[in-house]
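**Student:**
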Amino acid sequence: ESDPAAALDPHGTLPELIERAIQVKADVVAQDLKESSLREILNYGHTYGHAVEHQENYTWRHGHAVAVGMVFEAELAAAAGLLPPAEVERHRRILTSVGLATHYDGADLDTLITVMGRDKKNKAGIVRFVIITSPGKPTRLEGPEPELLQRAFEATQTP
């Protein structure tokens, strides 16, 4: 975090970060083989990110779309009073430092909500987001109020 260039150095910390991420994912999947609940934490950033991918006819790289989704979902958590604004800025700083997107202007919110409404993680037509309340502390946010979605959407538009 303090040295973004080091994160991109293939001989530096990047291989270790990738290895740790793979191990965490494998551990989560092993603990939740039937996708009952724990595994959904791996979807952080994916609800909004998949809507971005859909709107862009899958021309965006998955990592860029999910990075924007992570910022959107962090903004959503902050708007709900569940994540300090400083953590949202930390998201932006880290993602930007490794060359990932943090803004999306390609669709209006109503269109994205319609696309998110088709997500397989939804229950009974209620859009479900994985958010974090602090680093490493994911939780589910179901059917957030439209005002919260609007605030998160506006915050992910290009300044």
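Residues 1 to 159 in the UniProt record's numbering are what the sequence shown spells out, letter by letter.
Ideal Cβ positions, reconstructed from N, Cα and C, are used throughout, including at glycine.
Keep in mind that this is a model prediction, so the values were computed, not measured.
1) If you follow the beta strand (DSSP E) that V130 is in, where does it begin and where does it stop?
2) Any idea if G45 is buried or exposed, counting beta-carbon neighbours within 10 angstroms, 16 or more meaning buried?
3) Between H54, A78, L95, which lies nearest to A67 when the distance is taken from Cα to Cα?
4) Are K121 and E53 touching if we call contact CB-CB under 9 Å?
5) Have a look at L14, K25, E16, P15 and flag the residue whose alpha-carbon is nearest the alpha-carbon of G136.
6) Using 8 Å as the Cβ pair cut-off and three pairs as the minimum, do the stretch 107-116 and the stretch 17-31 touch?
7) Would you kindly check if the distance between the Cβ of A51 and the Cβ of D105 is under 9 Å?
8) My output table needs one value for T47: the three-state DSSP class, helix, strand or coil.
**Tutor:** In short, the structure shows the following:
1) 128-134
2) buried
3) L95
4) no
5) K25
6) no
7) no
8) Look at T47 here: in three-state DSSP terms it is helix.
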